[in-house]
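Everything below concerns the one structure shown next.
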Amino acid sequence: MKVGIACPYAWDVPGGVQVHIRDFTEELTRRGHTVSVLAPGDDDDLPPYVTTVGRPLAIPYNGSVARVAFGPRIAARVRRWLVDGDFDVVHVHEPASLSLGLITTLWAEVPIVATSHSAMRRSRAMSAAQGILKSAFEKFTAHIAVSEEARRTVVEHLGVDAVLIPNGLFVDRFAVPPRPDWRSGDGTLSFLGRLDEPRKGLQVLLKAWPTIHDAFPKARLLVAGRGEIDDIRRGIEPRHRDAVEFLGGVSDDDKAAMLASSDIYVAPHIGGESFGIVLAEAMAAGAPVLASDLEAFQVVLDGGRLGAQVPVGDAAALAGEAIALLGDPARRARYRAAASLGVRRYDWARVADEVLAVYEMAIAVGSGGHTFKLPGLP
Amino acid sequence: MNWEWLFVTIAVLAALGVYLSWTAGRLDRRHARLAASRAVLDAELLRRSGSVLDLATAGLLDPATSVALADAASRARTAAEGAERYQAESDLTAVLTAVLDDPADLEPLRSDPAAAAALDELAMACRRAAHARRFHNELVRGAVRLRRKMLVRWLRLAGYAPMPETVELDDTVPRGLATE
């Protein structure tokens, strides 16, 4: 099968959608399909399957900065990619972002599958663009949402339905041994996410930390993620500071090792998470999860069967539950056992099967018809 | 009478003609896609009842369960087109849900590789059927929106094609298969 995937964000900027597309492409290529990814950005140092369309613009969108691409020059490159690729099916990601997904939708003449990732509050741009988006969305043969919240977003904003297929991960790659130097007598806690992004909730965890550290003086906290480490370090009370280790940005291998070394992976996020792939990663690495009770996290943790949950933003509850968990190895073992089975649901082996089934159906149904061609254009 | 007015009138009529023929073409393609997606849905429902029959006749489940599953599956496969068929498919879902709802019940079964494979196949077939129905209904809703437009109705651009209807049936994936 020849598949063209339109990625809305620059390939060299780290982000969940890019990782999703990268891993999915790898899985499809392994199965013998041909995949070409179109992304904004410049040409150097990218995997061979990525075609770029030039510098993206940084614009505020959905509460953070998105790098997106549009304009006539980019439209011409998108058309060239579609012609050269001769795809059986085109998969556009995040079609509601004013980016490659939308342009691709306008020009593609093959069946289009769309995937919506983000959950959004109603924004002015979305409302103003609704008419255009709605008519573009009519060309989709199949629409996927990665989470119930993402699905509700497209239903509410655009009045179209989508089916639920979760994000995937390579579960077995997280089965790595723990690193002895990251273990500790009373237990190791870990956090993962941008330090200066309030929605990731590091501030909640650091507020809870002194209480946890007082109860378990030999416990330590590993914090992985980019940001102003020095400022945040200084904000921690001196006697609790040395037990916190900042790892900065970590490689995929170090991330897996950190999770595998954790007695509790803490996800204190306070919002903005549509799916929570990082919870699935922790589950795959065998780290018992303690998360805020965001709706997306409740789904991944199966309502508390696969991990512990506390109210969003409640540092005292977080501290209490972390202390309870550190003192109860049996409960952690239960979570670990249930999660290692439950996380199989998100393994690419299974998720890619489901997406490929959608492709088959989309190809059988056919495309949404021809675009209005101007004379003289390919 | 002024020449400019004649010119403007001709231009407006020409634009209207282009728009109408484009809309008629759009409607035509929509109806073709609807027929195709309906065929896909039928195929996926057959795949689902087929997987149920496979599971029921493989000798992996107890006899009572096997008989209940096989009966519901063959009813779904032989029901007459239309409402009766959808009812039979919903009934099949009800039996599946009754039998396969608890992940814990299925755990011992999964230790047998053959049973695990049959359950996985059935899970995928259930999801495919549920997805196919949603995709089809979405195309139906799009077509209905287009056909409700005033010009389309007044000028009968859709010809005598019947107004498309969504397919309503219960295709919930049993919990035991959904959270494997």
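The listed protein sequences derive, respectively, from chains A and B.
The first sequence begins at 1 in full-length UniProt numbering and counts up by one.
The second sequence begins at 1 in full-length UniProt numbering and counts up by one.
We put the beta carbon where it would ideally sit given N, CA and C, even for glycine.
Here the structure is a predicted model, which means the values were calculated and not measured.
Here B:S21 is exposed. Its C-beta has fewer than 16 other C-beta atoms within 10 Å. Pairing A:R30 with B:L27, the inter-Cα distance amounts to about 40 Å.
In this structure, A:G193 and A:L206 do not form a Cβ contact; the two beta carbons are roughly 13 Å apart against a cut-off of 8 Å.
Residue burial is scored here from C-beta neighbours: B:G82 has fewer than 16 other C-beta atoms within 10 angstroms and is therefore classed as exposed. Contact between A:V83 and A:A6 fails: their C-beta atoms lie close to 15 Å from each other, not under 8 Å. Nearest Cα to A:S36 within the set A:D45, A:R220, A:T25: A:T25. A straight-line Cα-Cα distance of about 51 Å links A:V13 and B:R156.
A residue is called buried when at least 16 other Cβ atoms come within 10 angstroms of its Cβ; A:I112 meets this threshold and is buried. Neighbourhood of A:V358 in chain B, by CB distance below 7 Å: H131, in chain order.
Here the region 5-14 of chain B does not lie against the region 136-152 of chain B, with fewer than 3 beta-carbon pairs under 8 Å apart. Comparing alpha carbon positions, the residue from A:V92, A:D263, A:W107 closest to A:V78 is A:W107. Of the candidates A:G249, A:A284, A:L100, A:V266, A:V266 places its Cα closest to the Cα of A:D293. If you look at A:K2, you'll find it isn't in any alpha helix (DSSP H); it sits in the beta strand (DSSP E) that goes 2-6. Counting only the Cα atoms, B:L34 lies some 24 Å from B:G50. A Cβ of chain B is located within less than 8 Å of the beta carbon of A:E354. Approximately 7 Å separates the beta-carbon atoms of A:R226 and A:G248; this is inside 8 Å, confirming the contact. Here the alpha carbon of A:W209 sits roughly 9 Å from the alpha carbon of A:L318. Just so you know, the alpha carbons of A:R151 and A:S116 end up roughly 7 Å apart.
Counted as a single uninterrupted DSSP element, the stretch harbouring A:S274 is not any beta strand (DSSP E), since DSSP gives it neither H nor E. In this model, A:K218 and A:V300 are separated by some 30 Å (Cα to Cα). Here the region 322-342 of chain A does not lie against the region 110-117 of chain B, with fewer than 3 beta-carbon pairs under 8 Å apart. Residue-level contact check: A:V160 touches chain B, since one or more beta carbons of chain B fall below 8 Å from its beta carbon. Where B:Y86 is concerned, there is no enclosing beta strand (DSSP E), although the alpha helix (DSSP H) around it starts and stops at 83-100. Residues V144, R147 of the same chain have their beta carbon placed closer than 8 Å to that of B:M163, with the five preceding and five following residues left out of the count.
By the Cβ criterion, the region 155-174 of chain A is not in contact with the region 234-244 of chain A, since fewer than three pairs of Cβ atoms, one from each stretch, lie closer than 8 Å. Within the region 138-174 of chain A, the complete alpha helix (DSSP H) runs of at least 4 residues fall at 148-158. Nearest to B:M150 by C-alpha distance, out of B:T23, B:W3, B:S66, is B:T23. For A:G248, the uninterrupted beta strand (DSSP E) segment begins and ends at 244-248. In the structure shown, the three-state DSSP call for A:S118 is coil. Taking all protein chains shown into account, B:Y86 has 16 or more neighbouring C-beta atoms within 10 Å of its C-beta and is therefore buried. For A:A142, the chain B residues whose C-beta falls within less than 8 Å of its own C-beta are H131, F135, listed in chain order. A:A339: member of the alpha helix (DSSP H) spanning 329-342, first to last residue. Taking A:V17 as the centre and dropping the five residues before and after it, the same chain places the C-beta of C7, P8, Y9, H93, E94, H117 closer than 8 Å to its C-beta, in chain order.
According to the DSSP assignment, A:S36 belongs to no alpha helix (DSSP H) but to the beta strand (DSSP E) extending over 34-39. If you keep only unbroken beta strand (DSSP E) runs of at least 3 residues inside the region 173-235 of chain A, you get 188-192, 220-224.
Annotation: A:V266 has no Cβ neighbours in chain B at a cutoff of 9 Å; minimum Cβ distance is about 24 Å.
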